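Asks: Each step along the sequence shown adds one to the number in the UniProt record's numbering, with nothing skipped, and position 42 is 42. Ideal Cβ placement from N, Cα and C applies to all residues, glycine included. Quick caveat, the model's predicted, so the values are computed rather than measured. Here you go, one structure.
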Amino acid sequence: MRQFPAKDRPGRDAWLGPISLCLALLSWPIPAGGPVLALGAVACGVRSMTTRTEYRLDWTAVAGTCVAALQLLLSLMLFAMSAGGH
Numbered sequence: 001m002r003q004f005p006a007k008d009r010p011g012r013d014a015w016l017g018p019i020s021l022c023l024a025l026l027s028w029p030i031p032a033g034g035p036v037l038a039l040g041a042v043a044c045g046v047r048s049m050t051t052r053t054e055y056r057l058d059w060t061a062v063a064g065t066c067v068a069a070l071q072l073l074l075s076l077m078l079f080a081m082s083a084g085g086h
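Following this line, the structure appears as structure tokens:
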């Protein structure tokens with residue numbers, strides 16, 4: 001099923017993985033817009049991994065999605081702590 005290398009993706013689909021990784025990395029040093037950037041990174045990463053299934057998974061999409069998910073988890077934990085009064 002996934003038989004072609006990810007680097008051979010044609011057109012704009014080739015940029016979804018790198019965009020996901022860049023947004024995920026930018027979400028960490030930007031405190032106010034971090035969760036928004038992380039959501040964008042997850043969206044790009046998931047779209048890259050679920051479209052064009054004849055190509056292998058792009059490592060940048062997987063890494064970007066994981067890093068962004070960690071940012072979202074941290075943001076959720078900090079929000080829960082502040083809502084709880086800590």
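Please list the segments of the alpha helix (DSSP H) lying wholly inside the region 46-70, counting only runs of 4 or more residues, in order along the chain.
Replies: Here no run is fully enclosed.
Asks: Would you kindly check if the distance between the Cβ of Arg12 and the Cβ of Tyr55 is under 8 Å?
Replies: In this structure, Arg12 does not lie closer than 8 Å to Tyr55 by Cβ.
Asks: What is the residue span of the alpha helix (DSSP H) that Gly11 lies within?
Replies: Run containing Gly11: none; DSSP gives neither H nor E here.
Asks: Can you tell which of Arg52, Ile30, Ala14, Val46 has the C-alpha that lies nearest to the C-alpha of Arg2?
Replies: Among Arg52, Ile30, Ala14, Val46, the Cα nearest to that of Arg2 is on Arg52.
Asks: Within 10 angstroms of its Cβ, does Gly40 collect 16 or more other Cβ (buried), or is it exposed?
Replies: Gly40 comes out buried.
Asks: Rounded to a whole number of angstroms, what is the C-alpha to C-alpha distance between Ala80 and Phe4?
Replies: In a straight line, the C-alpha of Ala80 is about 43 Å away from that of Phe4.
Asks: Where DSSP assigns a beta bridge to Phe4, which residues make up the other side?
Replies: The partner list for Phe4 (beta bridge, DSSP) reads Tyr55.
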